[in-house]
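Quick notes on the structure that follows.
In our numbering, the protein residues as written are 54 to 262.
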């Protein structure tokens, strides 16, 4: 469900049509070199996507942090795994519509020893009473504005008071227009600002009043 990248197979479906060919990929997460399992039909199957790579260093090392956090559009799990490794006191929800991606997150969390704190689920499997201290996302820009806006409203409403969502969006895929929409009240009860710019990407931070 994630996606600011280009040249990707369509991965916004529950069951990708491509063969489920697994592969091992060496990546760097939470300042350590690790090997993860990825597959065709999942966003950025060969690497950490450049937009996600801009977002990951912003996840703080914070053993004392509490409260549930959400990786929205988790793909094979780079953000969720980084959150689990850097913030061991938190429950990490990894949400995606792609069932293959969710299976990969579970396998990768097992491999890295954080499976007990990573809950890889579809959007409708998140209990309605759960609110989030933080949301981290490389959102699916290419799914189209109506679907994207609906997703941001849905999950922005799940932020706890004072909670923040951090979105990485490619500048040439509409980061600035998305910020304008947010500034105009696109997500009720949430303010937004640009907090970082790197390698053609913007990081937008939303804060719940």
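The C-beta atom is built at its ideal place from N, Cα and C for all residues, glycine as well.
All values derive from a computational prediction rather than experimental measurement.
Query	Result
Close Cβ partners of residue 76 (< 6 Å) along its chain, the five nearest in sequence each way excluded	91
Selection from 209, 225 and 251 that minimises the alpha carbon distance to residue 245	209
Beta-carbon spacing of residue 83, residue 125 below 9 Å	no
Where the alpha helix (DSSP H) containing residue 105 begins and where it ends	103-108
One or two residues paired with residue 74 in a DSSP bridge	In DSSP, residue 74 forms no bridge with anything.
Coarse secondary structure for residue 253, derived from DSSP in three states	coil
Alpha carbon of residue 219 to alpha carbon of residue 74, nearest angstrom	31 Å
Reduced DSSP category for residue 180 - H, G, I as helix; E, B as strand; rest coil	coil
Beta-carbon proximity of residue 104 to residue 188, cut-off 9 Å	no
Continuous beta strand (DSSP E) stretch holding residue 115: start and end	Careful: residue 115 lies outside any beta strand (DSSP E) and carries neither H nor E.
Whole-Å CB distance - residue 235 paired with residue 257, under 8 Å assumed	7 Å
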